[in-house]
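Just below is one structure, and these are the notes that go with it.
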Amino acid sequence: MKNRFVSLLVVFSVFWTACTRPDGMYEKDIALPGQQWASSFHPAFNFTISEQDTAYRYNVYIVIRHTDAYNYNNIWIRGSIRQPGDSVVRTDRYDLLLATNDKGWLGTGMEDVYEQRVLIQQSTKFSRPGEYALTLEQVMREDPLKHVLNIGVRVERVP
């Protein structure tokens, strides 16, 4: 019984260390209700930058998961970010390329689901410590936008 417990503890420890994220990285995905993205649904992502992390640069990605039934080669997204201590929100629009006529779907796929990380801010410096709030909204003509499964954000420290 004791050997079984120790074995289980070792397996759990290996699994736990394999699933933890390295320092300097934030990633969160939000499943979209009904596998469609209504323009009224604005997923929010909050991440914290500590005082010592303000010395580093970061790459910021939008992560999108969709099915092969998605009707477009791209998606237009409006991103709004609020820095710690600010009431002002900075907004940018992003045209994310998801497919080309020559190559088909970009990113990685399994069966009929594709996921892609699209770099939207390269080597960005977060100069203020505290909590940053990033909100995304789709600004396509189709509403709701069908066959979009998840939307997410990834912030990773540049090595």
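Under the working numbering, the letters of the sequence shown match residues 113 to 271, in that order.
Using N, Cα and C, we set each Cβ at its ideal position, and we do this for glycine too.
This one's a predicted model, so the numbers in the text were calculated from it and none came from an experiment.
Could you spell out where the beta strand (DSSP E) holding residue i opens and where it closes?
i	result
H178	R169 to T179
A150	Neither: A150 is in no beta strand (DSSP E) and is coded neither H nor E.
S221	The sequence given here places Gly at residue 221; Ser does not occur at that position. Segment T220 to M222, the beta strand (DSSP E) holding G221.
T160	A156 to I161
Taking 6 Å as the limit between beta carbons, can you name the residues of its chain near residue i, skipping five residues before and five after?
i	result
T160	E243
M137	E268
A150	P256
V251	W188 and R190
P196	R240, G242 and E243
R133	Any answer about R133 is weak, because its pLDDT of 45 lies below 50 and its placement is not dependable; what the coordinates show is given next. Once the five neighbours on either side are set aside, R133 has no close Cβ partner at all.
E139	R266
R205	R190
A245	N158 and R194
W217	A211 and Y226
E249	H154 and R190
E163	P241
Keeping to the same chain, check which residues put their C-beta closer than 8 Å to that of residue i; ignore five residues upstream and five downstream.
i	result
A143	L261 and N262
Check the DSSP bridge columns for residue i and list the partner residues they point to.
i	result
Q228	I176
E278	Since the first and last residues shown for the chain are 113 and 271, residue 278 lies out of range.
N186	L209
G216	T212
If you compare alpha carbons, which of the options is closest to residue i?
i	options	result
N186	I193, Y170 and H178	H178
D207	A156, L231 and D141	L231
E227	Q234, Q233 and L209	L209
V172	A245, Q234, G219 and S199	Q234
F238	P155, Y168, N158 and H154	Y168
D180	P271, G219 and T236	G219
Q147	N213, D204, V225 and T203	V225
I193	I176, A156, P145 and D165	A156
R229	K215, A211 and E223	A211
V201	T247, N213 and T236	T247
N183	T166, S152, N213 and S162	N213
D141	V270, I174 and T203	I174
P271	T236, G264, H259 and E223	T236
Considering only residues of the same chain and omitting the five flanking positions on each side of residue i, which have a CB-CB separation below 7 Å?
i	result
R253	none
T170	Checking the sequence, you will find Tyr at residue 170 rather than Thr. Excluding positions up to five away in sequence, the list reads T236, F238, V267, E268, R269 and V270.
Length-filtered (3 minimum) beta strand (DSSP E) runs lying within the stretch 232 to 257: 242 to 250
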